[in-house]
Amino acid sequence: MKNTPKTISFRLLSFLMAAILAIISVDCFAATYYVSSSGGSDSNSGTSTTKPWKTLSKLNSVTYHAGDKIYLKSGDTWSESAVFASKFTGTAANPITFSSYGTGNRPKITSTTAGIILQITNADYLNVSNLDIGSGVGYGLVFSIDDSHVHGNIQVTNVNVHNMPNAGIFFNTTAYSNVTVNSCSGDSAEMMLAFSGGKNVTIKNSTATNCIYGGYSIIGINGGLMDNCSALNCGTGNYANGACGIFLGIDSNFVVRNCEVGYQKRQGTNPDGEAVDFERSNYNVRLVKCNFHNNDGCGIMFFDNENNLVNSQCKVDSCTFTNNSQNCNIPCGFEINFTKIGNNNGGSITNNIYTLPPGVDFITTVDSSVTVSNNLPPLVANAPAVADSGFEAPVVSTLQYQPTGTPWVYFGGAGIQHNGSAFGAPTAPEGSQTAFLQGASAVVQSLYFKQGTYRITFKSAYRSSSGSGQGIVVSVDGNPVGSIIYPASGTAFGTSQTDSIPLPAGMHIIRFTGSVTADKTAFIDQVHVNLLSTSVLADSIPLIANRGFENPPVGDYQYRAVGASWTIRQNAGVAVNGSTFGPPTAPSGTQVAFLQGISDISQNVYLNPGIYKVVFKSAYRNATGSGQGINVSLNGTQIGSTIYPVSGTAFGTSQTSTVSVTSGWKVLQFTSTYNGDKTAFIDSVGFVKVSGPSSSSLIPAALKDVLPDPVHLYPNPSNGVVNVDIKGSAGQNITAVFYNAQGLEVYRAKAVGAMRQTVDLHPGNGPAKLYIARFYVGNRVYARKLIVSN
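Read in order, the letters of the sequence shown are residues -30 to -1, 1 to 760 in mature numbering (1 follows the signal peptide of the UniProt record, and there is no 0).
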């Protein structure tokens, strides 16, 4: 038969009609079933809200088809269990729905006898939502498979499980794929959610609280994401082998992102209690931007159960660790713990921020194949975390003078020694290494502090073969914090601590300095900074912040320089060595303050009750001659008579008469007296208590001012651009790294000898942003905090 246009049109119309009928047949003929325990009857049709069924068991009397919907009435309760075996097979276009109708609380299903409250087997394309399951004596909602097929495409949404001794939601087979658990919650179950396997699993927006073991047990998953979930106050039960917030085992290609685990408990003498436990050969599992805090155990444990199982290519990136190891047993003492070296291939620990409680370090020794980099103490925390507080980096076989590649900077006869080295140090109280101060030596680190009163604690010992005698001077910004500390033993480490010290907010340099130049050695380990008060305490000593006027750095000189601890007004400013102002060489660092004409500089200082003198270095500007006087005052009251510098070619020591003060914050002010073109220079400002020795006498001359600062930053507040100017020595390697407030690296540059870079940190529309910059100049490290506006 010849095809004419009419026959072609008829055939096309027939095909389209058949397709349309196929598409609409499901919607037209899909059934909806209603169940109400309060107003239903199993003799009803069950197909309308006015004639609902009553029991869950009645649901098993129907054969379901793709697109069917089962609705339980909101506000009703069923005290029964149910098993739906091979009942729910939907399609991608027409899944089966098991949910709620009406208003009020989610439908509640509970059982006092069944091992499983609601069990669904062999399901495909099924959406379960808006249910409350519990309490129970076993499991809550269980998905299982008892045939030989692979099933999946399951969505579980807005389901709450609670008060049961086993898992609330449990996929107890390896053969489910494409599973999504969204906006679910669990309380007082063994765990909110557990998987025994599966592919392409997504868990998001879910919470677990007060669970007996932990929040989530994720085992045998290949491919998937856990996002924006939390586990809080879990670990309430007694598990002899330990419990954790999130258990990860035999997983691959899985990401845990934006999740929180806090207040995980450890019971009795049990081990663990950590936020996350890596076990049983995980591959390419990543933790990203998570928050782990206040857990009894560590933040993360990479565990080997002596079966030589390997975690490979696992990564921890941009996470926050805060005050974990609150009640630890095994493991203990670290935020991230690797229980066995050699069983972790590749992977990385990078860009994390941590706040450590006393006696806790960030990470144990790790496999050489694991990258550990850019992990920072918090930018603002109750007390700053000392990076590498146990001197475990770099790893040395015996001992090394002035090591590099560490947050600490070493000078003179300072370095790191390993247990069993020729130094013969006592066994390290933490890890396997300690710092040593031999003769003229110093160890230095820069930290950011909030305003408050602090005390520095550490472990110390002396070298028994050379005997006691090497004292340790602990200073902040060049100010000794109390008396020289002499280690008490050469055979065991003891605890040492400084006096308390008030500090303004900002970057401060802590320094451990050997007190003698002879061949005497002291060992240091476990350095911690402890916050005593967010205000100040009565026994703290006076501290002058930026006493040498090294901040802000200026290229030549600058009137009314801002950005440091001093208030500089009128014709006062800061000048650098060799500037056109012509100051004598600075006795401390490379910069001095100047008072030209009528001008003043001032700073708020906390003083304890007592009698003090103010001491400082002074000189006059040689080009304009002597004659500029300096009045020193506290809270507007002048201390003694006017001081006139005695030289224009060298700084000399000046001091006020004594002044008796009560405790509290005082305004220390230096004011010029001559209203004309005469200039006085000031440097190295400090207080001396009349009844005690001068604080400067505690520092050996060989190590005074060992940190002249070569880093100069010139931020432009109007456009977020920072000009970096670093003057190193010829051939010296220089690296500049900028981090944002989350600890992520945003800029890096390298140079040799000197660096001049323009860094654009423009934050865009919105509030000003905080940045931390670290500058590595040779074997020294310098730090800066910047607030960048639009």
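Each residue gets a CB set at the ideal place from its N, CA and C atoms; glycine is no exception.
Here the structure is a predicted model, which means the values were calculated and not measured.
Exercise. Does the Cβ of residue 235 have 16 or more other Cβ atoms within 10 Å, making it buried, or fewer, making it exposed?
Worked result: Buried, because 16 or more other Cβ atoms sit within 10 Å of the Cβ of residue 235.
For this session: Could you name the residues of the same chain whose beta carbon sits closer than 6 Å to that of residue 493, not counting the 5 residues immediately before and after it, in chain order?
Result: The answer, listed in chain order, is 395, 404, 406 and 431.
Exercise. When you compare each of 741, 358, 249 and 354 to residue 331 by their alpha carbons, which one comes out closest?
Worked result: When each option's Cα is compared against that of residue 331, the closest is 358.
Exercise. Residue 429 to residue 399, Cα distance in whole Å?
Worked result: Between residue 429 and residue 399, the C-alpha separation is close to 8 Å.
Exercise. Is there contact between the stretch 613 to 621 and the stretch 577 to 584, where contact requires at least three CB pairs shorter than 8 Å?
Worked result: Note that the stretch 613 to 621 does not touch the stretch 577 to 584; fewer than 3 beta-carbon pairs, one per stretch, sit closer than 8 Å.
For this session: Put residue 31 into one of helix, strand or coil per three-state DSSP.
Result: Residue 31: helix per DSSP, three-state reduction.
Exercise. Which stretch, first to last residue, makes up the beta strand (DSSP E) that contains residue 388?
Worked result: Here the beta strand (DSSP E) through residue 388 covers 379 to 388.
For this session: Alpha carbon to alpha carbon, how far is residue 143 from residue 213? Give it in angstroms, no decimals.
Result: Looking at the two C-alpha atoms, the distance is approximately 22 Å.
Exercise. With respect to the beta strand (DSSP E) encompassing residue 214, which residues constitute its N-terminal and C-terminal limits?
Worked result: Residue 214 -> beta strand (DSSP E) spans 213 to 219.
Problem set entry | Anticipated Cβ contact below 8 Å, residue 311 with residue 286, distance rounded | The Cβ separation is near 17 Å, so there is no contact.
Exercise. Does DSSP put residue 454 in a helix, in a strand, or in coil?
Worked result: In the structure shown, the three-state DSSP call for residue 454 is coil.
Exercise. According to DSSP, what are the bridge partners of residue 682?
Worked result: Answer is 695, bridged to residue 682.
Problem set entry | N-terminal and C-terminal residue of the beta strand (DSSP E) that residue 42 is part of | Per DSSP, the unbroken beta strand (DSSP E) holding residue 42 starts and ends at 39 to 43.
Problem set entry | Member of 635, 86, 180 and 5 whose CA lies at the smallest distance from the CA of residue 474 | For residue 474, the nearest C-alpha among the options comes from 635.
Problem set entry | Nearest-angstrom Cα separation, counted from residue 568 out to residue 603 | So the alpha carbons of these two residues sit roughly 15 Å apart.
For this session: Leaving out five residues on either side along the sequence, give the residues of the same chain with a beta carbon under 7 Å from the beta carbon of residue 94.
Result: Shown here for residue 94: same chain residues with a beta carbon closer than 7 Å to its own, the five before and five after excluded, namely 59, 60, 121, 122 and 123 in chain order.
For this session: Could you pull out every unbroken beta strand (DSSP E) segment of at least 3 residues lying fully inside the stretch 355 to 425, listed in chain order?
Result: When DSSP assignments are scanned along the stretch 355 to 425, the uninterrupted stretches of beta strand (DSSP E) that are 3 or more residues long and fall wholly within it turn out to be 369 to 371, 379 to 388 and 403 to 419.
Problem set entry | Opposing strand residues paired with residue 263 [DSSP bridges] | Looking at the DSSP assignment, residue 263 forms a beta bridge with 232 and 292.
Exercise. By Cβ distance below 7 Å, which residues in the same chain neighbour residue 339 in space, the five residues on each side in sequence not counted?
Worked result: Answer for residue 339: 315 and 316, listed in chain order.
For this session: Return yes when the Cβ of residue 200 is within less than 8 Å of the Cβ of residue 161, no when it is not.
Result: Their beta carbons are not under 8 Å apart, which means residue 161 does not touch residue 200 by this criterion.
Problem set entry | Distance between residue 441 and residue 562 (C-alpha atoms, nearest Å) | Cα to Cα, residue 562 sits roughly 31 Å from residue 441.
Exercise. Quick one: what's residue 282 bridged to in DSSP?
Worked result: By DSSP's assignment, residue 282 forms a beta bridge with 253 and 315.
Exercise. Are the Cβ atoms of residue 293 and residue 268 separated by less than 8 Å?
Worked result: One thing to note: residue 293 has its Cβ no nearer than 8 Å to the Cβ of residue 268.
Exercise. With DSSP run on the structure shown, which of helix, strand or coil describes residue 517?
Worked result: DSSP, reduced to helix, strand and coil, places residue 517 outside both helices and strands of the structure shown, so it counts as coil.
Exercise. Under 8 Å, do residue 190 and residue 207 count as touching if we go by C-beta distance?
Worked result: The Cβ atoms of residue 190 and residue 207 do not sit closer than 8 Å to each other.
Exercise. Between the stretch 128 to 148 and the stretch 92 to 108, do at least 3 Cβ pairs fall closer than 8 Å?
Worked result: Verdict: yes, contact present.
Problem set entry | Residues near residue 550 in its chain [Cβ-Cβ closer than 8 Å; skip 5 each side] | Answer for residue 550: 526 and 527, listed in chain order.
Exercise. Residue ranges of each beta strand (DSSP E) run of no fewer than 3 residues wholly in the stretch 522 to 562, ordered along the chain?
Worked result: Within the stretch 522 to 562, the beta strand (DSSP E) runs of at least 3 residues that lie entirely inside it are, in chain order, 527 to 529 and 537 to 546.
For this session: State the DSSP-derived secondary structure class of residue 59, mapped to helix, strand or coil.
Result: Shown here, residue 59 sits in a strand according to DSSP, grouped into three states.
For this session: Starting from the N-terminal side, write out each stretch of the beta strand (DSSP E) that is 3 residues or longer and does not extend beyond the stretch 106 to 143.
Result: As far as the stretch 106 to 143 is concerned, its whole beta strand (DSSP E) runs of at least 3 residues are 109 to 114, 121 to 132 and 139 to 141.
Exercise. How would you label residue 595, buried or exposed, when you count the other beta carbons within 10 angstroms and need 16 or more for buried?
Worked result: With fewer than 16 other Cβ atoms from the protein chains shown falling within 10 Å of its own Cβ, residue 595 counts as exposed.
Problem set entry | Three-state secondary structure (DSSP) of residue 209 | The answer is coil: DSSP assigns residue 209 none of H, G, I, E or B.
Exercise. Grouping DSSP H, G and I as helix and E and B as strand, with all else coil, what is residue 227?
Worked result: In the structure shown, residue 227 sits in a strand (DSSP, three-state: E or B).
Exercise. Who are residue 94's beta bridge partners in DSSP?
Worked result: 59 and 122.
Exercise. Does DSSP classify residue 439 as helix, strand or coil?
Worked result: DSSP places residue 439 in coil when its eight states are reduced to three.
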